[in-house]
Every structure is written in C-alpha cells, then in structure tokens.
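Accompanying notes for the structure given below.
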Amino acid sequence: LWDKLNLKLYQDLGPLSFDAFVAPLKPIGIEDKRFLLAVPEEFADKIIDQWNQEISMKFVEFVSNETGTFIRPEFQRSAVTQTQLADGPQTSLTTPAPSEEHIPFSQDAGLNPDFTFEKFVIGSGNENARAIAQAVAEGPGKVYNPYLIYGGVGLGKTHLMQAIGNHYAKTNPNARIKYATAEDFLNDFTNSLRKGNETNATALFKKTYRSLDMLLVDDIQFWAGKPQVQEEFFNTFNALTKANKQIVMTSDRYPNDIPDLQDRLKSRFEQGITSDIQKPDVQTKVGILRNMQEKNELDIPNDVLQLIGESIDGNVRTLEGAFHSFEAKIRFQNKPATIETAKIILEEINANKKPVITVERIQEVVADYFMQTVDDMKSSRRQSDIVGARHVAIYLTRTMTDMSLPQIGKAFGNRDHSSISHAFTKIEEQIEKDTRMKEMVQSLAEEISDGQ
Ligand code: ADP
Ligand code: MG
4 LWDKLNLKLY
14 QDLGPLSFDA
24 FVAPLKPIGI
34 EDKRFLLAVP
44 EEFADKIIDQ
54 WNQEISMKFV
64 EFVSNETGTF
74 IRPEFQRSAV
84 TQTQLADGPQ
94 TSLTTPAPSE
104 EHIPFSQDAG
114 LNPDFTFEKF
124 VIGSGNENAR
134 AIAQAVAEGP
144 GKVYNPYLIY
154 GGVGLGKTHL
164 MQAIGNHYAK
174 TNPNARIKYA
184 TAEDFLNDFT
194 NSLRKGNETN
204 ATALFKKTYR
214 SLDMLLVDDI
224 QFWAGKPQVQ
234 EEFFNTFNAL
244 TKANKQIVMT
254 SDRYPNDIPD
264 LQDRLKSRFE
274 QGITSDIQKP
284 DVQTKVGILR
294 NMQEKNELDI
304 PNDVLQLIGE
314 SIDGNVRTLE
324 GAFHSFEAKI
334 RFQNKPATIE
344 TAKIILEEIN
354 ANKKPVITVE
364 RIQEVVADYF
374 MQTVDDMKSS
384 RRQSDIVGAR
394 HVAIYLTRTM
404 TDMSLPQIGK
414 AFGNRDHSSI
424 SHAFTKIEEQ
434 IEKDTRMKEM
444 VQSLAEEISD
454 GQ
C-alpha cells in the first residue's frame, strides 16, 4: 500500500514536493484507522504543515479507495535524522510530539529559488519578455518602470517575475525585495485595517510595502472590481515609483480587459512597459523537457522528448505534468524510457482531457474570463462588459458547435435569431480589425477545447 501510495503522490505532487514532503517519512503501521508515519524532527513542522494544506486530502482519498475504510495520516515526531531514519531500526522511532510550536513569520522576500533566469528556457514566445526582464533585474527603477508581464496561465509569468527578484537579490544582497500575489497584497491590507490603528498595523503595512526597493505583484487581475485595494495599491505604486523603486506585475490579460480597473491605475501602468508571453513552440518545449530530465538525473533519448514536446499542445505546466507522468512510469513501474512508454502516457493524458464542447461549456469559460456570471450573459442586461462577453460567447458557439441560430438564441436567454446573427457579425468584424480581439477569441477557443 505504501509503495502504491508513493507512486500516486509522486505523480500528483511532482518530484520536488515529493522529495521534500513525502520521501522523509517512514510508515510505522496502521492502528485504529490511523496510518502512523514517522517524521524526522528536523523537518516536522514544514512537512506537517504541507500535509495539512494539500497532501492529506489526496492521502485519505487514495487509502480509502484502496482499503475501503477511512484512514487518516498521523505523524509521530522522531528525533533521529533522516538518514538514520532510513536505515535504522524501527524501535527507535517514537518520541512524543512536543506541544504546538509557532514558526516565526519570516521576513524573507517570498521568492522561490528555482525560478531563475538560468532555468528559464528562451523561445520565440518569451524572448522579448525575457530580455526586458533581464534589463529590469540589472537596472531596477531605471529603465522600465513599472514592468507588466502579460500572458495566459502556465506560460511562465511567475517564473520570469521571480527570476528578476532572484537576480536582483543575488547581485544586491541588501536590497529589500518582496514578492506578493495580488491576493496576498489584498489580505495584508485588509488584515492591517482589521487590526486597526491601535496596533499600528496600518502603518506597518504601509511601511512594509512603501520602503521596498523592488515590489513584485503577481496576478493583478485578481483586483478586478475591488476598488479599495486598487486605491491602496495606487498609493503604494506612487510612493515606490517616486523614489525610483522598481515595480513588476503580472496579469493574465491586458489592463484594459480587467473589469473595473481604475483608469488612473491603467494610465500609471502605461507609463512603463508591457510585454507578453505566448505559448512555447516545439523547440522551447523540448528545451524545457531536456532541462527537467537533467535536473531529475534521467536519461531520456531525444526523440522521446521531441515526441512529448510535439504532442503536448498546452502550457508549460501541462508539459511538466506530462514529464512527471513519464518519469513516474520509469521510476516506479520500471518501464523503459522509450517512444512506446511516451505513447502510453500521451494517450492517458488525452483520454483525461478533451471535454465535450457544448454551449454550456462555452458560456462558462467566457463568463469566467470576463468575470461575469452565465446568468447575466443570458439576461437582457445591456451593460457593456456583459454585452461584450455575450457576443464573444455567441460567436464561439456559432463557430465551435453545430447549433443553428434559433438554437443558439434559445441557449442565450431566448433571443431571436437576428440578434444572434448580429452578435456574430459584430465579433467577426472586430476580429478582422483588432489583433487583440483575435488573440483573445483564439485563446478562449483553445481553453474551451483543451479543457485546462
Ligand atoms: P504562470 O505564472 O504564467 O501561470 P508559471 O511561471 O507558474 O506560469 O510557470 C508554470 C511552470 O512552468 C513553472 O514550473 C515554470 O518553472 C515552468 N516554466 C514556464 N515557462 C518556462 C520556461 N520558459 N522555461 C522553463 N520553465 C518554464
Ligand atoms: Mg503565475
């Protein structure tokens, strides 16, 4: 059971997390619906924390499926080190768990040391963004401020942004750098308001963010329709840029396509530079796979990497997922690193993917992108962003399904077929005129048929 479970967790978590959070554990046995696991004291806090966050669920689900009973993991802290644990006798394992300890909040920059320029493979889809990132990392606050990296999910925005931070941290060890997701920023801000002035939390918040040398904010589309946090960020932004401090942001869409983003923020963002990241071409994908095999010390022939790179038509995250499935087959099922094995995992991936394209799916994906509800899209409301979403969804339904105009009308809140055909023509014309519209519709169509 433990071995099967390891394979499953390895596939789900990937080698890095697996090595950090699962590999150090030793199974002791099952007792009273608890799966006892020895965890070396030196890593215990981190490992248990990570299990609470994401691994326990997978564990319980899998073990319950296998055994038919609900069994939960339970940790026993062990004073011995990891290597002793691996070889040593099992009797020395149990020391009682100490009372809950608090890990002090660390003031570090929040950067992942793996996200470096060195590990970022350059290709036609990202070379511009990469070049500007390098310039920003070498001359922060000087050349391109703010720098906004724009691109779809899993294309390397976070990686590139953190590479800027990591490079700057390495060359200027005293620099104050902070990486925060837009959601972190919002949470820090609201927490500081909740704690209020008594504790000086608001002042502390401002001090933390406004005294930085470099602020990296990830996924700012999260602030759509949240005026308070936008207001606060506007102030932070001004304070930092006035002092020539660098701001880097990422977004999965252009600022103009973020609903209810304040105009003054948009115009501030335009003072800097924006670059986009597009899907990787085959060569880039193969390069990324080659890096991964080296990092994981595997020996996979080039034609196998080539086949995987050609066949995975998605983002880099999907590509990494495919690599890990392949790696798991080799490591745990003793399959050879061949084309045949690659074909097996590619088939499995395809079987899991490809959703059926229905008008409901199109409406959901489009509503999600425009941050509207499907109900609003079907309603008679004429507010401009709802109309925009509705028209795009109608256009995609017309091009991606066999539905007739009256059928589409019915699916969009009983509209008559002439308004459907009007919406279709309108988008068709805009696609002709406006490349951004074209790109947006294309990437929505891909998302609808890829099911990522
Ligand atoms: P995003 O933030 O755009 O959703 P991420 O930066 O999280 O995407 O990238 C997803 C994964 O793909 C990460 O593991 C990242 O390291 C990897 N990745 C993306 N682009 C590249 C690249 N050009 N070279 C190497 N790895 C990449
Ligand atoms: Mg990201």
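Counting the sequence shown from 1 gives a position; my numbering is that position plus 3.
Just so you know, even glycine gets a beta-carbon here, dropped at the ideal spot from N, CA and C.
Note that the structure is predicted; figures quoted are calculated from it, not measured.
Residue i to residue j span [Cα, whole Å]
i, j, result
"PRO30", "ILE51", "15 Å"
"THR400", "THR438", "20 Å"
"LEU4", "ASN294", "32 Å"
"LYS7", "GLN309", "29 Å"
"ALA138", "VAL146", "7 Å"
"ALA185", "ASP35", "44 Å"
"SER387", "THR361", "25 Å"
"ARG133", "SER383", "44 Å"
"GLY142", "ARG334", "44 Å"
"TYR13", "THR341", "20 Å"
"THR94", "ASP255", "Residue placement at THR94 is flagged as unreliable, the pLDDT there being 37, under the threshold of 50; the coordinate-derived value follows with that caveat. About 53 Å."
"SER407", "LYS441", "23 Å"
"ALA370", "GLN79", "47 Å"
"ILE397", "PHE225", "26 Å"
"ILE152", "MET164", "8 Å"
"ASN417", "VAL390", "15 Å"
"PRO176", "PRO149", "22 Å"
"LEU88", "HIS327", "With a pLDDT of only 47 at LEU88, under 50, the local geometry of the prediction cannot be trusted, and no value is derived from it."
"GLY157", "SER214", "31 Å"
"VAL289", "ALA41", "39 Å"
"GLY113", "THR119", "14 Å"
"ASP117", "PRO283", "20 Å"
Contact test: residue i Cβ vs ligand 2 heavy atom, cutoff 6 Å
i, result
"THR161", "yes"
beta-carbon residue i near ligand 1 non-hydrogen atom, thresh 6 Å
i, result
"PHE123", "yes"
"ILE291", "yes"
"VAL156", "yes"
"ARG179", "no"
"VAL368", "no"
"ARG320", "yes"
CB-CB length for residue i against residue j, believed under 8 Å
i, j, result
"GLU77", "LEU16", "20 Å between Cβ atoms; not a contact."
"GLY155", "VAL319", "In fact, because the Cβ distance is near 10 Å, the residues do not count as touching under 8 Å."
"ASP263", "GLY228", "4 Å"
"ILE434", "ILE423", "No, ILE434 and ILE423 are not in contact; Cβ-Cβ is about 17 Å, not under 8 Å."
"ALA325", "ILE315", "5 Å"
Nearest neighbour of residue i, chosen from the options [CA to CA]
i, options, result
"ASN247", "ASP216, GLN231 and TYR257", "ASP216"
"PHE188", "MET252, PRO176, ILE125 and HIS425", "MET252"
"HIS394", "GLU297, LYS381 and THR404", "LYS381"
"ILE167", "ALA204, ASN115 and SER214", "ASN115"
"LEU243", "TYR257, TYR212 and PRO358", "TYR212"
"GLU45", "PHE208, PRO27 and PRO258", "PRO27"
"GLU235", "GLU300, ASP191, GLY199 and PHE123", "ASP191"
"ILE430", "GLY312, ILE33, THR402 and LEU322", "THR402"
| task | Counting only runs of 4+ residues fully inside the stretch 289-345, write out the alpha helix (DSSP H) ranges in chain order. | result | Listed in chain order, they are 305-314 and 319-335.
| field | Runs of beta strand (DSSP E) wholly within the stretch 141-214 (minimum 3 residues, chain order) | value | 150-154 and 180-184
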